[in-house]
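Chains as they are written, first to last, in my numbering: chain V, 24 to 214; chain X, 24 to 214. From the three backbone atoms N, C-alpha and C, an ideal C-beta is built for every residue, glycine too. Note that this is a predicted model, so its numbers are computed, not measured.
2 protein chains.
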Amino acid sequence: MTKIVQTELESYYYHYPAGATIVTTHSNGRDNAMAVAWHTAISRDTPIYLVSISPKRFTHKLLVESGEFTVNFMSMDSGPLVGQIAGCSGADIDKFAELGIKSQPGSQVKAAVLDGAQAAYECKVVGQHTYGDHDAFLGEIVAVQWEPSAFSSDASLDLDAVKPILYLGEDYYTSTTGTVEHKRDLPARTV
Amino acid sequence: MTKIVQTELESYYYHYPAGATIVTTHSNGRDNAMAVAWHTAISRDTPIYLVSISPKRFTHKLLVESGEFTVNFMSMDSGPLVGQIAGCSGADIDKFAELGIKSQPGSQVKAAVLDGAQAAYECKVVGQHTYGDHDAFLGEIVAVQWEPSAFSSDASLDLDAVKPILYLGEDYYTSTTGTVEHKRDLPARTV
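1) What are the partner residues of residue 208 (chain V), as DSSP defines its beta bridges?
2) With a 10 Å radius around its C-beta and 16 neighbouring C-beta atoms as the bar for buried, classify residue 70 (chain V) as buried or exposed.
3) Can you name, in chain order, every residue of its own chain whose Cβ lies under 8 Å from the Cβ of residue 41 (chain X), other than the five neighbours on each side?
4) Among X:67, X:39 and X:28, which has the Cα closest to the Cα of residue 192 (chain V)?
5) Counting contacts by CB-CB distance shorter than 8 Å, is residue 192 (chain V) in contact with chain X?
6) What residues match up with residue 81 (chain X) in a beta bridge as DSSP calls it?
7) Among X:175, X:122 and X:146, which one has its Cα closest to the Cα of residue 208 (chain V)?
8) Determine, for residue 134 (chain X), whether the minimum Cβ-Cβ distance to residues of chain V falls below 8 Å.
9) I need the straight-line Cα distance from residue 25 (chain V) to residue 146 (chain V), nearest angstrom please.
10) Since residue 118 (chain X) sits in a beta bridge, which residues does DSSP pair it with?
11) I'd like to confirm the pairing. Which residues does DSSP put opposite residue 180 (chain V) in its beta bridges?
12) In whole angstroms, what separates the C-alpha of residue 113 (chain X) from that of residue 96 (chain X)?
13) Nearest to residue 160 (chain V) by alpha carbon, out of V:89, V:39 and V:28?
14) If you measure between the beta carbons of residue 103 (chain X) and residue 39 (chain V), is that distance less than 8 Å?
15) Where do the N-terminal and C-terminal ends of the beta strand (DSSP E) with residue 135 (chain V) fall, by residue?
16) May I ask which residues mark the beginning and end of the alpha helix (DSSP H) holding residue 162 (chain V)?
17) Could you work out which residues of chain X lie near residue 50 (chain V), taking near to mean beta carbons separated by less than 9 Å?
18) Going along chain X in order, which residues have a C-beta closer than 8 Å to the C-beta of residue 187 (chain V)?
19) Checking contacts by CB at 8 Å: is residue 65 (chain V) closer than that to chain X?
20) Please confirm whether residue 29 (chain X) has its beta-carbon closer than 8 Å to some beta-carbon of chain V.
21) Cβ of residue 207 (chain V) less than 8 Å from any chain X Cβ?
22) Beta carbon of residue 217 (chain V), beta carbon of residue 134 (chain V): below 8 Å?
23) Starting from the beta carbon of residue 71 (chain V), find every residue of chain X whose beta carbon is closer than 7 Å, and list them in chain order.
24) By Cβ distance, which residues of its chain are closer than 6 Å to residue 132 (chain X), with the 5 residues on each side in sequence left out?
25) When you compare the CB of residue 151 (chain X) with every CB in chain V, is at least one pair closer than 8 Å?
26) Go to residue 104 (chain X), then tell me how far its alpha helix (DSSP H) extends in each direction, as first and last residue.
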């Protein structure tokens with residue numbers, strides 16, 4: 024196959040699926056929730072998680088005020104809710120009330136952990152860096168919450184029990200097939 | 024459901040699937056490839072992509088020397104190769120030669136673009152931040168390469184044509200089901 028080489032990059036971020044997470048914030052008695060596909064683990068020891076948030080977002084304001092957030096890993100069952108959360112701003116409405124989002128406050132932070140998440144990370148901001156049109160927020164993970172029914176005995180995600188939701192751009196989503204194993208074996212050397 | 028709350032976080036990063044990308048580097052005539060699941064877009068304008076790499080990795084050395092990398096988005100067809108790339112270090116062997124990795128140099132960087140990738144980002148490092156046991160490298164995306172057969176006319180990934188590979192921790196991987204749409208509509212207000 025011959026690849027197309029593109030240097031005009033206006034649609035560059037539709038090339039791979041990424042977990043459609045819900046990031047929550049809490050400041051001055053106000054909760055908000057935002058759909059975020061730009062996120063990743065950064066470090067294991069100390070455990071650090073990153074979310075990239077535009078300064079235009081209401082979540083950005085609450086994040087800067089509170090220095091806390093949670094990342095909620097959702098399933099396909101929550102797809103309609105994820106779409107709704109993506110479709111409105113906390114500057115306009117109380118999403119938790121209007122969308123009927125069920126949640127509990129975090130154990131170590133005031134930001135909410137969603138009932139529908141198979142796992143959630145509670146984070147305290149330890150760094151913020153502006154790159155381009157977004158701010159990368161680095162959060163130390165101070166607690167993990169997880170549904171035991173969604174994980175196997177070795178702590179890996181049980182894809183027979185849960186169907187994680189992944190974002191494809193625009194209003195498109197997908198989920199996962201079964202688990203396969205690819206061993207770290209090297210091929211037999213021919214020399 | 025009642026979640027387990029965990030503050031001992033040694034296995035915190037097995038809670039969600041993330042794209043199993045191959046990050047390549049090139050320095051002083053030497054190519055390397057590394058399997059990386061900790062990566063994300065950060066900014067759209069300027070386009071910036073992040074990869075998180077341990078200083079223990081050979082890729083880290085080549086990244087610091089060259090200031091360039093590519094991120095290759097792979098399919099399940101490449102699963103055995105991804106496992107092999109994850110299973111060895113470029114400090115010990117020439118992975119491209121030993122594993123038979125087919126590639127071309129990037130159009131804007133010397134780091135390789137893999138033939139088996141449905142898309143690849145060519146990046147030049149514009150930032151590096153140490154958090155915990157990893158370094159986050161921020162790369163400006165200077166070119167995107169993509170296989171036209173893997174994408175729909177609206178530039179979204181065509182999941183009938185390509186099965187992206189996702190990482191689940193340890194040696195476990197999964198792929199995607201079909202595409203579903205979740206509109207950003209709000210529910211009808213009851214008041």
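In short, the structure shows the following:
1) According to DSSP, residue 208 (chain V) bridges with nothing at all.
2) buried
3) 60, 61, 62, 189 and 190
4) X:67
5) yes
6) Beta-bridge pairing links residue 81 (chain X) to no other residue.
7) X:122
8) no
9) 43 Å
10) According to DSSP, which records beta bridges pairwise, residue 118 (chain X) is partnered with nothing at all.
11) V:174
12) 20 Å
13) V:89
14) no
15) 135 to 137
16) Unbroken run through residue 162 (chain V) is the beta strand (DSSP E), 157 to 169; no alpha helix (DSSP H).
17) Per Cβ cutoff of 9 Å: no residues; residue 50 (chain V) is ~22 Å from chain X at best.
18) 39 and 40
19) yes
20) yes
21) yes
22) As displayed, chain V neither begins before 24 nor continues past 214, which places residue 217 (chain V) out of reach and without an answer.
23) 154 and 155
24) 91 and 145
25) no
26) 102 to 109
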